[in-house]
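K.L.:
Just so you know, the sequences run in chain order A and B.
Position 72 (the first sequence) corresponds to 381 in the numbering used here; numbering is contiguous.
Position 61 (the second sequence) corresponds to 73 in the numbering used here; numbering is contiguous.
We put the CB at the ideal spot given by N, CA and C, even for glycine.
Here the structure is a predicted model, which means the values were calculated and not measured.
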Amino acid sequence: MISVSDVNLTFETNDGPVNALKNVSMEVNEGDFVSFIGPSGCGKTTLLRVIAALETPTEGRVTVNNMTPDEARKARQYGYVFQAAGLYPWRTVSGNIKLPLEIMGYSTSEKEDRTRKVIDLVELNGFEKKFPWQLSGGMQQRASIARALAFDANILLMDEPFGALDEIVRDRLNGELLNLWARTRKTICFVTHSIPEAVFLSTKIVVMSPRPGRITDIIESTLPKKRDLNIRDSREFIKIAQRVREGLKAGQSEDVF
Amino acid sequence: MFFERLIEMKTSYLANKFIPVSTIVILIGLFWYLVAVPMNSDKVSRQFKNLTASEHILKCWSLKKPKLPTPHQIINEMVNTTFFKKISSKRSLVYHGWITLQATLAGFFLGTLLGILLALGIVHNKAMDLSVMPWVIASQTIPILAIAPMIIVVMNSVGVTGLLPKAIISMYLSFFPVVVGMVKGLRSPDQIQLDQMKTWSASSREILWYLRFPSSLPFLFASLKVGVAASLVGAIVGELPSGAIAGLGARMLAGTYYGQTIMIWSALFAAAFLAALLVFTIDFLQKITLKRMAIIR
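1) Taking a Cβ distance cut-off of 9 Å, strictly less, list which residues of the region 129-157 of chain B are near chain A, in chain order.
2) Does the beta-carbon of Phe-471 (chain A) have 16 or more other beta-carbons within 10 angstroms, so that it is buried, or is it exposed?
3) Within the continuous beta strand (DSSP E) that includes Ile-527 (chain A), where are the two ends?
4) Find the nearest neighbour of Leu-198 (chain B) within the set B:Leu-297, B:Ile-248 and B:Val-135, judged by alpha-carbon distance.
5) With a threshold of 16 other CB atoms inside 10 Å of the CB of Ser-101 (chain B), please say whether the residue is buried or exposed.
6) If the cut-off is 9 Å on Cβ atoms, which residues from the region 384-414 of chain A count as contacting chain B, listed in chain order?
7) Taking 9 Å as the cut-off, decide whether the C-beta atoms of Ile-294 (chain B) and Leu-236 (chain B) are in contact.
8) Mind listing, in chain order, the continuous beta strand (DSSP E) runs of no fewer than 3 residues lying wholly within the region 111-149 of chain B?
9) Short of 7 Å in beta carbon distance, which residues of its chain neighbour Tyr-389 (chain A), apart from the five on each side in sequence? Order them along the chain.
10) I think Pro-201 (chain B) touches Gly-250 (chain B), with their Cβ atoms under 8 Å apart; what is that distance to the nearest whole Å?
11) Quick one: does Leu-244 (chain B) have its CB under 9 Å from some CB of chain A?
12) Whole angstroms are fine: how far does the CA of Gly-560 (chain A) sit from the CA of Ile-11 (chain B)?
13) Just how far apart, CA to CA, sit Val-291 (chain B) and Ala-283 (chain B)?
14) Can you give the Cα-Cα distance for Gly-133 (chain B) and Asp-141 (chain B), rounded to whole angstroms?
15) Please compile the residues from chain A whose C-beta is within a distance smaller than 8 Å of the C-beta of Gln-208 (chain B).
16) Over the uninterrupted alpha helix (DSSP H) stretch that includes Cys-72 (chain B), give me the two end residues.
17) Quick one: what's Ile-346 (chain A) bridged to in DSSP?
18) Once the 5 residues before and after Lys-331 (chain A) are set aside, which same chain residues still bring their CB inside 7 Å of it?
19) Could you give the uninterrupted runs of the beta strand (DSSP E) lying entirely in the region 137-217 of chain B, keeping only those of 3 residues or more?
20) Is the separation between the beta-carbon of Thr-401 (chain A) and that of Lys-426 (chain A) shorter than 9 Å?
21) Could you spell out the range, first to last residue, of the alpha helix (DSSP H) harbouring Val-11 (chain B)?
22) Suppose you measure from the CA of Leu-408 (chain A) to the CA of Tyr-222 (chain B); what does that come to, to the nearest Å?
23) If we define contact as Cβ-Cβ less than 9 Å, is Phe-471 (chain A) a contact residue for chain B?
24) Measure the C-alpha to C-alpha separation of Gln-203 (chain B) and Phe-225 (chain B) and round it to an integer number of angstroms.
25) Under a Cβ-count criterion, where at least 16 other Cβ atoms within 10 Å of its own Cβ denotes burial, should Ser-227 (chain B) be classed as buried or exposed?
26) In chain order, what are the residue ranges of uninterrupted alpha helix (DSSP H) at least 4 long that sit wholly in the region 352-376 of chain A?
27) Let me see if you follow: with CB-CB separation under 9 Å, is Leu-223 (chain B) close to chain A or not?
28) Given this structure, state the Cα-to-Cα distance separating Trp-399 (chain A) from Pro-83 (chain B), to the nearest angstrom.
29) Per DSSP, what are the beta-bridge partners of Leu-318 (chain A) in this structure?
30) Of all the options A:Lys-534, A:Asn-338, A:Gln-551 and A:Pro-441, which has the alpha carbon lying nearest to the alpha carbon of Arg-492 (chain A)?
31) Tell me whether Lys-513 (chain A) is buried or exposed, calling it buried when 16 or more other Cβ atoms sit within 10 Å of its Cβ.
32) Does any residue of chain A bring its CB to less than 9 Å from the CB of Ile-248 (chain B)?
33) Report the option in A:Asp-324, A:Asn-375, A:Pro-366 and A:Lys-383 whose CA atom is closest to the CA atom of Glu-336 (chain A).
34) Please classify Val-565 (chain A): is it buried, with 16 or more other beta-carbons within 10 angstroms of its beta-carbon, or exposed?
35) What does the alpha-carbon distance come out to for the pair Leu-538 (chain A) and Lys-196 (chain B)?
36) Under three-state DSSP, which class holds Thr-301 (chain B)?
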């Protein structure tokens, strides 16, 4: 569904070129939940932005739904959730969700239908007419997810969507996100720097390291697809978390030599 | 509860606004009366002989053509020429104010339009971004008093007189704050918001309509407040060199010809009052617009 092969990306900065991605190759299959994990500067967000055609790689080949990323973007093949909810303060929750639908030219009745459906999905019923400032951070992020789900994209790209939230809210939203994933059967790419979050959510974990940004390990999760928060105490979970940690460590030690 | 809050609000209004403002007004008034005595003393001594000190001072405050008229003389004149003259009369302050207001509003409208159009060009067109701003800034370094007579004369020579030349001068002054504010406002959306629009594959027209324009409104209103005051100045300046016989500027000019200081000052106060009225109107529009948009609460 998404294929990245031998991608290199170099940013030209005032301090000289920065190698943001080096020889990055990976696959995302339909229905996967893939997490990108690593310390800051490892290029996980950059990789997500390459897939979304918000950055152009210097070298290498990327396809999204058998198209170039830019074609996929123009064909509205993915929804993107940013770290900040980025809701428009002058639009209500439902107004915000309708915004991409308006831009994409959906009919009024279709807009209403879809908005109602995704508000159900993220459990924001009763908050349709509220403005963003009247919502907690977690609710704002849910509205932002609803907005990315409202149109017919089968890929959901999420860039640390829960990064700014406290752990309690985060756990809850993680559980809800898994439910949502099971119900909508979307393919999700999820950037995070939390090991438990990555292990809990993913079917595949891509471990990355900085300077240059590269992949150090790709872990296929052995956890069952249907899971709840208790799974975090299981031996299986701890084993995977261990391997993620080792992958992160490996990236660091290479850095020293 | 409700009444307690009302009283609380009233006391805070009294403490925060009314008392400090009126204190300053009273101080200025006292100073004014004080200064009026030495300013007008010579003239009183020439006109009247054998006055006691208190009579002398009273005369200083009530001359017909004083060097410095006192506040009550100005207020008296303003009330007289506002309420006790027919609106169509050449002696009515309302008549002159209306003439100036028309030119102000026309110039303000044109200036706002020009400012927004230039800002749109600067934000959307790389060549305009690089080339227009220096000219915009240069335009404001030319003294308006130098350029106003030229505009009037040139337009007169092609047969355009009356409101339009004055409106052009108003426009010349008022488009500047609008360009500066709107360029800043249209560029105020952050990178995440622009990236988000890109992920929806929005056209630049859609980005303008849904994101840039609404984001720019707080900046626009701030600019409009500066712009409308500048427009009024432009209209008055436009009335000075044209030999205009109507308008607050013409009134001030006539006052200086005939030594009618009270007339000058009352036209000046009328202009100040008009400016305050215009700025408050825009402030009010800003409050309700931004409140409805939930940008302020």
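P.N.:
For this structure:
1) none
2) Taking the first residue of the first sequence as 1, we reach residue 471 (chain A) at position 162. With 16 or more Cβ atoms within 10 Å of its Cβ, Phe-471 (chain A) is classed as buried.
3) In the first sequence, the residue the question calls residue 527 (chain A) occupies position 218. Counting along the chain, the beta strand (DSSP E) containing Ile-527 (chain A) begins and ends at 523-529.
4) Position 186 of the second sequence, counted from the start, is the residue given in the question as residue 198 (chain B). Comparing Cα positions, the closest option is B:Val-135.
5) Taking the first residue of the second sequence as position 1, residue 101 (chain B) is located at position 89. Flag for Ser-101 (chain B) reads exposed.
6) Ala-384, Arg-385, Tyr-387, Gly-388, Tyr-389, Phe-391, Gln-392, Ala-393, Gly-395, Tyr-397, Pro-398, Trp-399, Arg-400, Thr-401, Leu-408, Pro-409, Glu-411, Ile-412 and Met-413
7) Translated into positions along the second sequence, residue 294 (chain B) becomes position 282. Translated into positions along the second sequence, residue 236 (chain B) becomes position 224. Yes, they are a contact pair.
8) none
9) The residue labelled residue 389 (chain A) in the question sits at position 80 within the first sequence. So the qualifying residues of the chain are Ala-361, Ala-457 and Leu-466.
10) Taking the first residue of the second sequence as 1, we reach residue 201 (chain B) at position 189. Taking the first residue of the second sequence as 1, we reach residue 250 (chain B) at position 238. Actually they are not in contact, since the Cβ atoms of Pro-201 (chain B) and Gly-250 (chain B) sit about 38 Å apart, beyond 8 Å.
11) As a first step, residue 244 (chain B) must be located in the second sequence, where it is residue number 232. Cβ-Cβ to chain A under 9 Å: no for Leu-244 (chain B).
12) Nothing can be reported for residue 11 (chain B), as the shown portion of chain B is limited to 13 through 309.
13) Your numbering for residue 291 (chain B) matches position 279 in the second sequence. Your numbering for residue 283 (chain B) matches position 271 in the second sequence. About 12 Å.
14) Here residue 133 (chain B) corresponds to residue number 121 of the second sequence, with the count starting at 1. Here residue 141 (chain B) corresponds to residue number 129 of the second sequence, with the count starting at 1. Cα-Cα distance, rounded: 7 Å.
15) Sequence index remark: in the second sequence, residue 208 (chain B) carries index 196 (1-based). Going along chain A in sequence order, the residues near Gln-208 (chain B) (Cβ under 8 Å) are Tyr-389, Phe-391 and Gly-395.
16) Counted from its first residue, the second sequence places residue 72 (chain B) at position 60. Here the alpha helix (DSSP H) through Cys-72 (chain B) covers 65-72.
17) Stepping through the first sequence from its first residue, residue 346 (chain A) is reached at position 37. Looking at the DSSP assignment, Ile-346 (chain A) forms a beta bridge with A:Thr-501 and A:Val-516.
18) Counted from its first residue, the first sequence places residue 331 (chain A) at position 22. Taken in chain order, the residues that qualify are Asn-317, Pro-521, Gly-522 and Arg-523.
19) none
20) Along the first sequence, read from residue 1 onward, the residue named residue 401 (chain A) stands at position 92. Along the first sequence, read from residue 1 onward, the residue named residue 426 (chain A) stands at position 117. Taking 9 Å as the Cβ cut-off, Thr-401 (chain A) and Lys-426 (chain A) do not qualify as a contacting pair.
21) Since the displayed chain B opens at 13 and closes at 309, residue 11 (chain B) lies outside it and no answer follows.
22) Residue mapping note: residue 408 (chain A) aligns to position 99 of the first sequence, counting from 1. Residue mapping note: residue 222 (chain B) aligns to position 210 of the second sequence, counting from 1. Taking the straight line joining both Cα atoms gives about 8 Å.
23) For the purposes of this step, residue 471 (chain A) is identified with residue 162 of the first sequence, where counting begins at 1. No, Phe-471 (chain A) lies away from the interface with chain B (no Cβ there is under 9 Å from its Cβ).
24) As a working note, residue 203 (chain B) is residue 191 in the second sequence. As a working note, residue 225 (chain B) is residue 213 in the second sequence. For Gln-203 (chain B) and Phe-225 (chain B), the distance between alpha carbons rounds to 16 Å.
25) As a first step, residue 227 (chain B) is located in the second sequence; it is residue number 215 there, counting from the start. By the neighbour-count rule (16 or more Cβ atoms within 10 Å), Ser-227 (chain B) is buried.
26) 353-360
27) By 1-based counting over the second sequence, the position of residue 223 (chain B) is 211. Output row for Leu-223 (chain B): interface = yes.
28) One-based indexing of the first sequence puts residue 399 (chain A) at position 90. One-based indexing of the second sequence puts residue 83 (chain B) at position 71. Between Trp-399 (chain A) and Pro-83 (chain B), the C-alpha separation is close to 47 Å.
29) Sequence index remark: in the first sequence, residue 318 (chain A) carries index 9 (1-based). Leu-318 (chain A) is bridged to A:Leu-330.
30) Numbered from 1 along the first sequence, position 183 holds the residue referred to as residue 492 (chain A). Ranking A:Lys-534, A:Asn-338, A:Gln-551 and A:Pro-441 by Cα distance to Arg-492 (chain A) puts A:Lys-534 first.
31) On the first sequence, residue 513 (chain A) is found 204 positions in, with the first residue counted as 1. Buried is the call here.
32) Counting from one through the second sequence, the residue named residue 248 (chain B) turns up at place 236. Not an interface residue.
33) Numbered from its first residue, the first sequence carries residue 336 (chain A) at position 27. Comparing Cα-Cα distances from Glu-336 (chain A) to each of A:Asp-324, A:Asn-375, A:Pro-366 and A:Lys-383, the minimum goes to A:Asn-375.
34) As a position in the first sequence, residue 565 (chain A) is number 256, starting the count at 1. Reliability fails at Val-565 (chain A), whose pLDDT of 47 lies under 50, so the model's placement of it is uncertain and the value that follows must be treated cautiously. Exposed: under 16 other Cβ atoms inside 10 Å.
35) The residue you call residue 538 (chain A) lines up with position 229 of the first sequence. The residue you call residue 196 (chain B) lines up with position 184 of the second sequence. Cα to Cα, the separation comes out at about 47 Å.
36) By 1-based counting over the second sequence, the position of residue 301 (chain B) is 289. DSSP places Thr-301 (chain B) in helix when its eight states are reduced to three.
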